[in-house]
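Encoded as structure tokens, the structure appears first; notes follow it.
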Ligand code: FES
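Residue numbers (our numbering): 15 to 142.
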């Protein structure tokens, strides 16, 4: 299987890996077929001009190389974004930022996308 240089970079040296204590929101998703699990933690700060911004983000992933690389990349993409901007990040954005994923690994980027969105929803539910 051919992985891009970016995927290998993020797999071997993931960014933002680890738990965030007292996170503002947590999202956890799994893929029942392969059994991979992903958890994303966000810390949200209120900015007077921009609104609610993801000031800190972390992940824990039990999964394949693509799952780890997509977790790492989505945390880079979502950091310092407003919740609205982060909600618009798609699995294609993650795959593009990783210079592509092998077609049979595209579902791994779904996990990252879903986990981020779940973390944002968790925050929003707590702050209704
Ligand atoms: Fe399951 Fe990659 S094979 S997320």
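Here a beta-carbon is modelled for each residue, glycine too, at the ideal position from N, C-alpha and C.
Simplified DSSP state of residue i, which is helix, strand or coil
i: residue 66; result: strand
i: residue 98; result: helix
i: residue 137; result: helix
i: residue 31; result: strand
i: residue 61; result: strand
i: residue 84; result: helix
i: residue 132; result: helix
The ligand FES heavy atom lying under 7 angstroms from the CB of residue i
i: residue 77; result: yes
i: residue 125; result: yes
i: residue 129; result: no
i: residue 45; result: yes
i: residue 50; result: yes
i: residue 80; result: yes
i: residue 140; result: no
Nearest-angstrom Cβ-Cβ length linking residue i and residue j, presumed shorter than 8 angstroms
i: residue 61; j: residue 125; result: In fact, because the Cβ distance is near 29 angstroms, the residues do not count as touching under 8 angstroms.
i: residue 85; j: residue 56; result: Rounded, the Cβ-Cβ distance is 13 angstroms, inconsistent with contact.
i: residue 123; j: residue 115; result: 6 angstroms
i: residue 88; j: residue 68; result: With a Cβ gap of about 11 angstroms, residue 88 and residue 68 do not count as contacting.
i: residue 111; j: residue 91; result: 6 angstroms
Residue(s) in a DSSP beta bridge with residue i
i: residue 55; result: 40 and 72
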